[in-house]
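Worksheet for the structure shown next.
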Amino acid sequence: MDEEPERAKRWEGGYERTWEVLKEDESGSLKATVEEILYQSKRKRVIESHGQVRLGMMRHLYVVIDCSRSMEDQDLKPNRLTSTLKLMEAFVDEYFDQNPISQVGIITTKNKRAEKLTDLAGNPKKHITALKKAVDTVCVGEPSLYNSLNLAIQTLKHMPGHTSREILIILSSLTTCDPANIYELIKTLKSLKVRVSVIGLSAEVRVCTVLTRETGGSYHVILDESHFKELLMLHIKPPPASSSSECSLIRMGFPQHTIASVTDQDAKPSFSMSHLDSSSGPGLSLGGYFCPQCHATYTELPVECKVCGLTLVSAPHLARSFHHLFPLQAFIESPVENLQGDRFCQACQAELKDKSVFSCPSCHSVFCVECDLFIHESLHCCPCCIYRQTAP
Amino acid sequence: MKLNIEGLLVYFPYDYIYPEQYSYMLELKRTLDAKGHGVLEMPSGTGKTISLLSLIVAYQRAFPLEVTKLIYCSRTVPEIEKVVEELRKLMEFYTKETGESNNFLALALSSRKNLCIHPEVSSLRFGKEVDGKCHSLTASYIRAQHHSNPNLPVCRFYEEFDSVGRQVPLPAGIYNLDDLKAFGRRKGWCPYYLARYSILHANIVVYSYHYLLDPKIADLVSKELAKKSVVVFDEAHNIDNVCIDSMSVNITRRTLDRCQNNVDTLQNTIHKIKETDAAKLREEYRRLVEGLKEANVARETDIYLANPVLPDEILQEAVPGSIRTAEHFVGFMRRFLEYLKSRLRVQHVVQESAPQFLKDIFDKVCIDRKPLRFCAERLQSLLRTLEIADIADFSAVTLISNFATLVSTYSQGFTIIIEPFEDRTPTIANPVLHFSCMDPSIAIKPVFQRFQSVVITSGTLSPLDIYPRILDFRPVTMASFTMTLARTCLCPLIVGRGNDQVALSSKFETREDFAVIRNYGNLLLEMSAIVPDGIVAFFTSYVYMENIVASWYEQGILENIQRNKLIFIETQDAAETSMALEKYQEACENGRGAILLSVARGKVSEGIDFVHHYGRAVIMFGVPYVYTQSRILKARLEYLRDQFQIRENDFLTFDAMRHAAQCVGRAIRGKTDYGLMIFADKRYARADKRGKLPRWIQEHINDGSLNLTVDEAVQLSKHFLRQMAQPFRQEDQLGLSLLTLEQLESEEMLQKITQIAHQT
Chain A
0 MDEEPERAKR WEGGYERTWE VLKEDESGSL KATVEEILYQ SKRKRVIESH GQVRLGMMRH
60 LYVVIDCSRS MEDQDLKPNR LTSTLKLMEA FVDEYFDQNP ISQVGIITTK NKRAEKLTDL
120 AGNPKKHITA LKKAVDTVCV GEPSLYNSLN LAIQTLKHMP GHTSREILII LSSLTTCDPA
180 NIYELIKTLK SLKVRVSVIG LSAEVRVCTV LTRETGGSYH VILDESHFKE LLMLHIKPPP
240 ASSSSECSLI RMGFPQHTIA SVTDQDAKPS FSMSHLDSSS GPGLSLGGYF CPQCHATYTE
300 LPVECKVCGL TLVSAPHLAR SFHHLFPLQA FIESPVENLQ GDRFCQACQA ELKDKSVFSC
360 PSCHSVFCVE CDLFIHESLH CCPCCIYRQT AP
Chain B
0 MKLNIEGLLV YFPYDYIYPE QYSYMLELKR TLDAKGHGVL EMPSGTGKTI SLLSLIVAYQ
60 RAFPLEVTKL IYCSRTVPEI EKVVEELRKL MEFYTKETGE SNNFLALALS SRKNLCIHPE
120 VSSLRFGKEV DGKCHSLTAS YIRAQHHSNP NLPVCRFYEE FDSVGRQVPL PAGIYNLDDL
180 KAFGRRKGWC PYYLARYSIL HANIVVYSYH YLLDPKIADL VSKELAKKSV VVFDEAHNID
240 NVCIDSMSVN ITRRTLDRCQ NNVDTLQNTI HKIKETDAAK LREEYRRLVE GLKEANVARE
300 TDIYLANPVL PDEILQEAVP GSIRTAEHFV GFMRRFLEYL KSRLRVQHVV QESAPQFLKD
360 IFDKVCIDRK PLRFCAERLQ SLLRTLEIAD IADFSAVTLI SNFATLVSTY SQGFTIIIEP
420 FEDRTPTIAN PVLHFSCMDP SIAIKPVFQR FQSVVITSGT LSPLDIYPRI LDFRPVTMAS
480 FTMTLARTCL CPLIVGRGND QVALSSKFET REDFAVIRNY GNLLLEMSAI VPDGIVAFFT
540 SYVYMENIVA SWYEQGILEN IQRNKLIFIE TQDAAETSMA LEKYQEACEN GRGAILLSVA
600 RGKVSEGIDF VHHYGRAVIM FGVPYVYTQS RILKARLEYL RDQFQIREND FLTFDAMRHA
660 AQCVGRAIRG KTDYGLMIFA DKRYARADKR GKLPRWIQEH INDGSLNLTV DEAVQLSKHF
720 LRQMAQPFRQ EDQLGLSLLT LEQLESEEML QKITQIAHQT
């Protein structure tokens with residue numbers, strides 16, 4: 000796990016009273032109970048996501064990043080902004096990996112204003128470059144929830160009904176400077192079926208609680224950087240689609256990648272459409288993906304064809320988002336005492352020390368909590384089941 | 000759910016119960032069993048009211064002969080309404096469970112202002128005006144005159160009630176103020192008199208403290224309540240002050256001037272009557288000879304404002320001859336008035352006891368003690384005879400006559416202080432005569448003597464043992480309950496130093512110290528950056544707040560704070576304050592965030608709750624001692640020391656800490672709520688201060704958070720706020736701080752519950 004070294008550098012942390020964290024007591028001290036609650040919610044998340052529900056696979060997500068004065072706080076290293084942007088890069092990558100036919104846009108808010116960093120688009124590279132550039136932003140003034148939500152709505156409301164409209168706000172400040180009554184806007188959001196989720200970097204703010212509750216989103220506050228990452232990654236899974244959203248068939252193109260050699264006489268070099276607007280980058284090339292409908296060239300997928308508006312994806316992309324639809328069944332939780340035989344996790348072979356273990360309902364193999372999470376979050380299939388299928 | 004509390008079947012209208020509620024009911028039952036008084040402290044937001052009601056109602060049903068009535072005293076009208084709503088819930092549960100409608104009658108009683116349905120009278124704005132107007136329509140002689148002269152206006156609601164309402168008892172049910180008004184409108188009966196009449200046979204009465212403690216009102220309203228009643232004083236942490244206020248009299252020059260006018264009016268009226276209807280005065284004289292007892296049997300509506308606690312023997316005696324005729328009495332009042340005026344003309348502060356005062360008055364103007372004692376009664380009688388309808392105008396003379404009666408009745412427990420000017424403005428002459436009560440037990444004694452069980456309860460009653468001492472009674476149970484929590488939702492921090500190690504304290508010597516003020520500002524600034532939504536900051540006094548805020552403004556601290564949150568200030572003006580409060584809540588609601596600067600002992604610190612986001616942090620700047628230079632306080636401290644052996648410092652600290660606890664307790668109003676409690680004064684770390692905080696706060700102060708710097712406090716708060724922001728559901732509480740019936744009945748839990756109550 001890569002967060003291990005992050006946590007190890009204790010001397011970099013703020014003024015912490017480590018001796019109190021380490022304090023052990025059985026009467027239910029603060030640390031112990033909160034950790035217990037966190038553990039429970041971890042479990043709950045795994046179980047929750049396994050219902051057979053319709054998922055909004057085509058997502059339109061606006062991420063609002065707070066760039067106000069409070070982002071300069073150094074409780075995340077080196078500061079909140081840099082840390083957030085770094086995690087966002089990972090998020091964008093992972094997001095397109097898991098949701099190949101979805102789009103993301105980024106909005107920043109500072110100084111009582113909101114502006115678009117990137118438009119809603121399906122190209123991860125563009126977002127990541129923008130995020131990299133944003134590291135040098137000066138953090139000033141207060142954020143404005145109203146303005147950022149309003150800006151996001153302007154685009155989201157034109158999105159077709161079968162797609163999910165989402166806004167994710169990463170809010171560091173505890174105050175917002177709004178030009179009008181935000182509760183009116185919340186009503187509008189609700190009527191437009193926009194889901195708003197918030198990740199707070201400092202504490203629970205009332206208006207966010209209301210905002211997320213009304214629009215059906217989630218609201219979390221981070222504890223530390225690894226928790227932040229965890230919370231961010233929660234938003235990678237597509238949310239359940241509301242029953243009222245329309246269903247429709249979508250035309251999609253599956254362009255083939257052609258590689259032409261310079262020696263080939265038939266090959267005509269063409270400009271990649273995705274690079275038309277930017278002056279830099281490789282302009283003219285021979286190969287690439289060609290839109291099956293209009294034959295425009297693209298260097299990468301997924302993308303929406305700029306000429307004919309067709310959604311272009313590759314088959315593996317689509318296949319990858321399948322596991323959302325056919326998820327692995329939840330493992331059965333049971334106390335460790337009930338277990339006969341050796342108490343070792345089938346996956347990592349470590350001794351089972353926690354008070355409960357998890358067993359796969361089809362092959363009855365036993366796993367520890369960590370492996371259970373790993374299997375459900377990353378593998379999406381039970382290793383023992385697969386082993387058995389191939390072995391005989 | 001149905002509970003078994005030591006053999007008593009208690010219906011509890013919720014599916015879950017907090018362990019401390021169960022424990023509370025146990026203690027309460029023991030109090031009732033012993034037919035004694037009790038002092039119970041339980042944190043706010045743990046369902047005190049419903050526990051009280053469920054148990055006492057169950058007790059009433061089980062032993063209808065032992066306990067006939069519950070008298071529930073609360074402080075404000077909203078609180079009264081809340082109690083009635085809880086009661087309604089309980090009764091609905093009873094009906095659902097037992098399947099039969101029970102014949103319980105419960106009602107709330109409030110002043111005429113809140114109950115009047117007369118179109119003209121109820122439109123008046125002030126309580127006094129409503130009372131006066133009502134009286135002018137319902138007094139017995141007005142109604143008598145109405146018979147001969149039908150043009151004279153009377154209140155048709157009262158007439159209707161008087162002719163029909165008395166025979167028909169109020170149907171069983173739960174009535175809050177609005178229900179009473181609706182019922183009154185439907186029937187055309189006066190709701191106020193209906194309620195006052197119905198409390199005699201009601202099972203549960205919910206009303207304000209004053210109906211029991213203020214002798215002037217208590218005598219009218221609560222005199223005939225059954226002895227076998229249980230009296231509950233909720234939010235009773237300030238009960239001693241209520242008692243004292245109800246017995247104290249302040250006389251200024253303005254009072255005397257108005258009194259002079261009153262006396263002149265009386266004189267004129269007497270002259271007029273003498274010409275027209277001399278027989279009436281003769282009749283009165285005859286009555287007075289026979290004794291006051293008979294005169295006292297007046298009709299219900301002849302309410303004259305005053306009737307201080309008079310020993311019964313006075314009522315048996317005849318009024319002394321010197322004030323028996325109306326003219327003599329008026330002359331007597333004039334003399335007394337002149338004497339008081341001369342006393343107010345002093346240049347230096349005078350403090351004397353009641354006997355000294357009496358001796359002086361005898362020497363100077365030859366007024367004896369005996370006629371003084373009858374002053375209040377004599378005035379009543381005169382006002383009644385003269386048929387003066389609007390008694391509101393005569394409040395000044397009533398006040399003076401009350402003073403006369405009190406000063407001559409009690410030789411102990413009172414002191415007279417005459418101050419020629421206020422301490423803060425020594426150049427402006429503004430003489431005041433304080434006749435101040437120093438012994439709260441005088442006002443409350445009749446209550447303890449009359450009623451079988453009196454329960455004093457509040458969220459902050461620590462230290463418990465002081466209340467029985469200052470109120471002079473012997474409780475059978477005294478217990479303090481803690482709050483069982485699934486997560487530690489309160490975080491008391493004692494900030495004793497600034498970042499530059501300057502000791503933070505509001506004590507007199509360092510009060511003006513620049514460094515302290517700057518560090519206080521720094522604390523608020525840092526907190527405003529990390530605490531979401533609302534922060535409430537309490538200062539020790541208005542003057543102190545003004546100084547500090549002015550200084551912060553000069554240093555630019557306020558400007559910095561305003562970048563994080565808006566700032567609102569409580570002022571002495573009630574309208575302004577409620578406006579500020581409204582805006583404050585709005586700012587908390589829409590995410591801007593706000594700080595409310597207010598004063599301990601002010602309106603905000605007593606009656607206003609800051610639930611959830613309205614108060615995520617409370618900062619207490621300094622220790623809220625009372626103004627110790629006040630002579631009244633000094634006299635009271637001396638009295639406490641002599642009579643009750645309570646040391647001055649103990650009492651002062653107790654008083655300061657109960658107010659501090661009240662202030663910080665505003666933020667936590669339940670188990671799902673959470674909040675920071677920051678005590679910004681290094682003196683809080685001392686054991687004698689800390690030990691006087693309620694147990695439920697004390698047990699969360701660990702040794703590590705006793706003397707923090709601002710930075711350390713900020714780090715701890717940040718951590719706490721993040722922990723608390725994690726999702727918290729009801730299931731997390733179940734079994735720990737919230738119990739189902741099965742969980743409650745488990746052996747292990749019962750064991751735990753016994754530890755919740757802390758006996759003293």
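Residue numbers (numbering that gives the first Met the number 0), protein chains in the order written: chain A, 0 to 391; chain B, 0 to 759. Think of the CB as a built atom: it goes at the ideal place given N, C-alpha and C, for glycine as much as any other residue. Bear in mind that the values here come from a model prediction, so they are computed numbers and not experimental data.
Should L86(B) and L54(B) be called a contact, given that it needs their Cβ atoms to be closer than 8 Å? Residue numbering aside, residue 86(B) sits at position 87 when the second sequence is read from its first letter. Residue numbering aside, residue 54(B) sits at position 55 when the second sequence is read from its first letter. The Cβ atoms of L86(B) and L54(B) lie no closer than 8 Å to each other.
Establish whether the CB of S196(A) and some CB of chain B are separated by less than 8 Å. Sequence index remark: in the first sequence, residue 196(A) carries index 197 (1-based). No - not a single Cβ of chain B is within 8 Å of the one on S196(A).
How far does the alpha helix (DSSP H) with N146(A) in it extend, from its first residue to its last? Reading the first sequence from its first residue, position 147 is the one you call residue 146(A). Where N146(A) is concerned, the enclosing alpha helix (DSSP H) stretches over L144 to L155.
Assuming H36(B) contacts P474(B) (C-beta within less than 8 Å), just tell me the rounded distance between them. For the purposes of this step, residue 36(B) is taken as the residue at position 37 of the second sequence. For the purposes of this step, residue 474(B) is taken as the residue at position 475 of the second sequence. The C-beta distance from H36(B) to P474(B) rounds to 5 Å, short enough to meet the 8 Å contact threshold.
Have a look at the DSSP bridge pairing and note the partners of T310(A). Your numbering for residue 310(A) matches position 311 in the first sequence. Per DSSP, M251(A) and E303(A).
Taking Cβ-Cβ distances shorter than 9 Å, what residues in chain A pair up with Y612(B)? Within the second sequence, numbered from 1, the residue matching residue 612(B) stands at position 613. Sequence check: residue 612(B) is His here, not Tyr. When 9 Å is used as the limit between beta carbons, H612(B) is near these residues of chain A: E203, V204, R205, V206 and T208, in chain order.
Measuring alpha carbon to alpha carbon, tell me which residue in P99(A), Y145(A) and L75(A) is nearest N589(B). Working through the second sequence from its first residue, we reach residue 589(B) at position 590. Selected option, being the one with the closest Cα: Y145(A).
Name the two residues that bound the continuous beta strand (DSSP E) containing N3(B). Position 4 of the second sequence, counted from the first residue, corresponds to residue 3(B). K1 to I4 is the extent of the beta strand (DSSP E) around N3(B).
Rounded to whole angstroms, what is the Cα-Cα separation between H611(B) and E558(B)? Residue numbering aside, residue 611(B) sits at position 612 when the second sequence is read from its first letter. Residue numbering aside, residue 558(B) sits at position 559 when the second sequence is read from its first letter. Distance between the alpha carbons of H611(B) and E558(B) is about 26 Å.
Where T739(B) falls: helix, strand or coil (DSSP): As a working note, residue 739(B) is residue 740 in the second sequence. Three-state result, T739(B): coil.
Kindly indicate which three-state DSSP category N150(B) falls into: helix, strand or coil? As a first step, residue 150(B) is located in the second sequence; it is residue number 151 there, counting from the start. Reduced to three states, the DSSP call for N150(B) is coil.
Please name the residue, chosen from F325(A), L300(A), S377(A) and L309(A), that lies closest to P315(A) on a Cα-to-Cα basis. Within the first sequence, residue 315(A) is the residue found at index 316, counting from 1. Taking each of F325(A), L300(A), S377(A) and L309(A) in turn and checking the Cα distance to P315(A), the smallest one comes out for L300(A).
Quick check: the Cα distance between A107(B) and S577(B), rounded to an integer number of angstroms? Locating residue 107(B) in the second sequence gives position 108, counting from the first residue. Locating residue 577(B) in the second sequence gives position 578, counting from the first residue. So the alpha carbons of these two residues sit roughly 25 Å apart.
If you draw a straight line from the C-alpha of E2(A) to the C-alpha of L231(A), how long is it? Indexing the first sequence from 1 puts residue 2(A) at position 3. Indexing the first sequence from 1 puts residue 231(A) at position 232. Low confidence applies to E2(A): its pLDDT is 38, below 50, so where it sits in the model is not reliable enough to give any reading.
So which residues on chain B does I221(A) lean against when the C-beta distance must stay under 8 Å? Here residue 221(A) is taken as the residue at index 222 of the first sequence, counted from 1. R721, listed in chain order.
Would you list the one or two residues that DSSP bridges to Q697(B)? As a working mapping, residue 697(B) is identified with position 698 in the second sequence. According to DSSP, Q697(B) shares a beta bridge with no other residue.
Could you confirm whether any beta carbon from chain A is found closer than 8 Å to the beta carbon of L591(B)? Translated into positions along the second sequence, residue 591(B) becomes position 592. At residue 591(B) the sequence reads Arg, which differs from the Leu that was named. For R591(B), the nearest CB of chain A lies under 8 Å from its own CB, placing it at the interface with that chain.
Backbone secondary structure at K109(A) - three-state DSSP: The residue you call residue 109(A) lines up with position 110 of the first sequence. Looking at K109(A) - three-state DSSP - the assignment turns out to be strand.
Helix, strand or coil, according to DSSP, for Q732(B) in the structure here? The count along the second sequence starts at 1 and reaches residue 732(B) at position 733. DSSP places Q732(B) in helix when its eight states are reduced to three.
Residues of the segment 523–546 of chain B in Cβ contact with chain A at a cutoff of 8 Å, in chain order, please. Cβ contacts with chain A: A528, I529, V530, P531 and D532.
Listed by chain order, chain B residues near T174(A) by CB distance under 8 Å: If you number the first sequence from 1, residue 174(A) lands on position 175. For T174(A), the residues of chain B that pass the 8 Å Cβ criterion are N563, K564, G590, R591 and G592, in the order they occur in the chain.
Going by C-alpha distance, which of R112(A), L317(A), Y182(A) and D118(A) is nearest V103(A)? Taking the first sequence and counting its residues from 1, one reaches residue 103(A) at position 104. Comparing C-alpha distances from V103(A) to each of R112(A), L317(A), Y182(A) and D118(A) shows the shortest one belongs to D118(A).
What three-state label does DSSP hand E119(B) in the structure shown? Residue numbering aside, residue 119(B) sits at position 120 when the second sequence is read from its first letter. E119(B) falls in the coil class under three-state DSSP.
Check this for me: beta carbons of V205(B) and Y71(B), under 8 Å apart or not? Position 206 of the second sequence, counted from the start, is the residue given in the question as residue 205(B). Position 72 of the second sequence, counted from the start, is the residue given in the question as residue 71(B). Yes, the Cβ-Cβ distance between V205(B) and Y71(B) is below 8 Å.
Confirm, please, whether the CB-CB distance from P168(B) to I755(B) is below 8 Å. Along the second sequence, read from residue 1 onward, the residue named residue 755(B) stands at position 756. Along the second sequence, read from residue 1 onward, the residue named residue 168(B) stands at position 169. Contact check for I755(B) against P168(B) fails: the beta carbons are separated by 8 Å or more.
Please decide whether Q725(B) counts as near chain A, where near means a Cβ-Cβ distance under 8 Å. Locating residue 725(B) in the second sequence gives position 726, where the first residue counts as 1. It does; some Cβ of chain A falls within 8 Å.
Neighbour-count burial assignment, I620(B), 16 or more Cβ in a 10 Å radius: The sequence position of residue 620(B) within the second sequence is 621, counting from 1. The question names Ile, but residue 620(B) in the sequence shown is Phe. Classification for F620(B): buried.
Report yes or no: is there a C-beta of chain B within less than 8 Å of the C-beta of I181(A)? Start at 1 with the first residue of the first sequence, and residue 181(A) comes out as number 182. Chain B places a beta carbon closer than 8 Å to that of I181(A), counting this residue as a contact.
Any idea if K363(B) is buried or exposed, counting beta-carbon neighbours within 10 angstroms, 16 or more meaning buried? Translated into positions along the second sequence, residue 363(B) becomes position 364. With fewer than 16 neighbouring CB atoms inside 10 Å of its own CB, K363(B) falls in the exposed class.
Would you mind working out which of D649(B), L737(B) and I399(B) sits nearest L339(B), comparing C-alpha positions? Position 340 of the second sequence, counted from the start, is the residue given in the question as residue 339(B). Measuring from the Cα of L339(B), the nearest candidate turns out to be I399(B).
For G98(B) and E525(B), the rounded distance between their alpha carbons: The residue you call residue 525(B) lines up with position 526 of the second sequence. The residue you call residue 98(B) lines up with position 99 of the second sequence. Each residue's Cα considered, the two are about 58 Å apart.
Using three-state DSSP, classify G287(A) as helix, strand or coil. Numbered from 1 along the first sequence, position 288 holds the residue referred to as residue 287(A). G287(A) falls in the strand class under three-state DSSP.
Quick check on E746(B): does DSSP put it in helix, strand or coil? Here residue 746(B) is taken as the residue at index 747 of the second sequence, counted from 1. For E746(B), the three-state secondary structure derived from DSSP is helix.
Own chain residues within Cβ distance below 7 Å of L740(B), not counting five before or after: Taking the second sequence and counting its residues from 1, one reaches residue 740(B) at position 741. Around L740(B): M0.
To which residues of the same chain is T208(A) closer than 8 Å at the C-beta, ignoring the five residues directly before and after it? Sequence index remark: in the first sequence, residue 208(A) carries index 209 (1-based). Take T208(A), set aside five residues on each side of it, and the residues of its chain with a beta-carbon closer than 8 Å to its own are Y218, in chain order.
Beta-carbon neighbours of G199(A), restricted to chain B and to distances below 7 Å: By 1-based counting over the first sequence, the position of residue 199(A) is 200. Here the neighbours are A724.
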